[in-house]
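Novice:
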Amino acid sequence: MKKSSLALSLLLTLSPLAALAATAPLDLVGPVSDYKIYVTDKIDELVTQTQAFTDAVKKGDLATAKKLYAPTRVHYEAIEPIAELFSDLDAAIDSRVDDHEKGVKAEDFTGFHRIEYSLFAENSTQGLGVLADGLNKDVKDLQTRVAGLTFPPEKVVGGAAALLEEVAATKISGEEDRYSHTDLYDFQGNIDGAKKIVDLFRGQIEQQDKAFLAKVDKNFASVDTILAKYKTADGGFETYDKVKENDRKALVGPVNTLAEDLSTLRGKLGLN
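Here the sequence shown stands for residues -21 to -1, 1 to 251, numbered as in mature numbering (1 follows the signal peptide of the UniProt record, and there is no 0).
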């Protein structure tokens, strides 16, 4: 979509309150447009890597499938606030066993975590062909839907807090990737996605509250320092069970503070 067309669409979707600020709508057009480019790139990577992942699953190549699981999912985690705008696809791609009354045997338990269960808990690729094909279809559907989506500024800005709330709620406890223990990949994806939003709106945030931005940057740095301890030579991460208890506790403070601070971001930019 051309920026001029996107600008008009954004102006129409801005709340009346935000529109009262003379320059706010136009100031948001560039960052939101750049964020759509970022999300589109991430989804393109997701589609490509999901194909490779599911190819390995269907070939019965357990080792390769396990290796590709986390690096593939990380792209989804980075853009989750946009993906969640399509609740049917989010449920199909990323639901967890807790979301299904019949657990792992539920017919509607599909997507990454269902395949994760077979690969890591059952150590098997048997019977996963339909699930693999379904996952491929769903991520391609997501790609198509996002391409035609006008990104609401309030959803984009609010996404920074949503990503950190996700970390606080499910990543630190280790419940998200309970079979593979690859939570640190997801953690990094959520952090990177939130930082991207902050960086794109950095100029606007700085105009409103420099001290706030400095605090946010400091807490992001604290989280990055801890994550860096667990990076592996190939650019990945150790399994979450290797994260020391003191580091898990050290993550709680900056993550919770970031989630709380970023939840005020929409208000600071006049998007509530």
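Virtual Cβ for every residue (Gly too), placed ideally from N, Cα, C.
Terminal residues of the continuous alpha helix (DSSP H) containing residue 306?
Specialist: Limits of the chain in this structure are -21 at one end and 251 at the other, which puts residue 306 out of reach.
Novice: Residue 21 and residue 58 look like a contact to me (Cβ under 8 Å); what is the Cβ gap, rounded to whole Å?
Specialist: Indeed they touch by this definition, with Cβ atoms about 5 Å apart.
Novice: Could you check where the alpha helix (DSSP H) with residue 142 kicks off and where it finishes?
Specialist: That run of the alpha helix (DSSP H) goes 132 to 145.
Novice: Straight-line CA distance for residue 193 to residue 184?
Specialist: Cα to Cα, residue 193 sits roughly 10 Å from residue 184.
Novice: Tell whether a beta-carbon distance below 8 Å holds between residue 247 and residue 162.
Specialist: Cβ atoms of residue 247 and residue 162: not closer than 8 Å.
Novice: Measuring only the C-alpha atoms, how far is residue 232 from residue 108?
Specialist: Whole-angstrom Cα-Cα distance: 42 Å.
Novice: Measure how close the beta-carbons of residue 46 and residue 111 come, nearest whole angstrom, since I'm counting them as under 8 Å.
Specialist: Not confirmed; about 16 Å, so no contact.
Novice: So for residue 210, helix, strand or coil by DSSP?
Specialist: If DSSP states are grouped into helix, strand and coil, residue 210 belongs with the strands.
Novice: What does a CB cutoff of less than 7 Å around residue 100 pick up in its chain, not counting 5 residues either side in sequence?
Specialist: Contacts found: 158.
Novice: Where DSSP assigns a beta bridge to residue 216, which residues make up the other side?
Specialist: 210, per the DSSP bridge assignment.
Novice: How big is the Cα-Cα spacing for residue 26 and residue 134?
Specialist: Their backbone Cα atoms lie some 23 Å apart in a straight line.
Novice: Is the beta carbon of residue 98 sitting closer than 8 Å to the one on residue 33?
Specialist: No, Cβ-Cβ distance for residue 98 and residue 33 is not below 8 Å.
Novice: From the DSSP output, in three-state form, read off residue 39 for me.
Specialist: Coil at residue 39, not helix or strand.
Novice: Indicate the three-state DSSP secondary structure (helix, strand or coil) for residue 191 in the structure shown.
Specialist: Helix, per DSSP.
Novice: By Cβ distance below 6 Å, which residues in the same chain neighbour residue 164 in space, the five residues on each side in sequence not counted?
Specialist: Within the same chain, residue 164 has close Cβ partners 49, 53, 216.
Novice: Would you check if the region 138 to 156 and the region 232 to 241 touch, i.e. whether three or more CB-CB distances between them fall below 8 Å?
Specialist: Taking 8 Å as the limit for Cβ pairs, the verdict is that the region 138 to 156 does touch the region 232 to 241.
Novice: Check each candidate in 209, 191, 225, 11 and name the one with the smallest Cα separation from residue 219.
Specialist: Answer by Cα proximity: 209.
Novice: By how many angstroms is the C-alpha of residue 137 removed from the C-alpha of residue 268?
Specialist: Shown here, the chain extends from -21 to 251; a query on residue 268 therefore has no answer.
Novice: Across the region 74 to 81 and the region 117 to 133, are there enough close Cβ pairs to call them in contact, namely three or more that are closer than 8 Å?
Specialist: Flag = no, the region 74 to 81 and the region 117 to 133 do not touch.
Novice: Answer with buried or exposed for residue 213, where buried requires no fewer than 16 other C-beta atoms within 10 angstroms of its C-beta.
Specialist: Exposed.
Novice: Which of the three DSSP states is assigned to residue 12 in this structure?
Specialist: If DSSP states are grouped into helix, strand and coil, residue 12 belongs with the helices.
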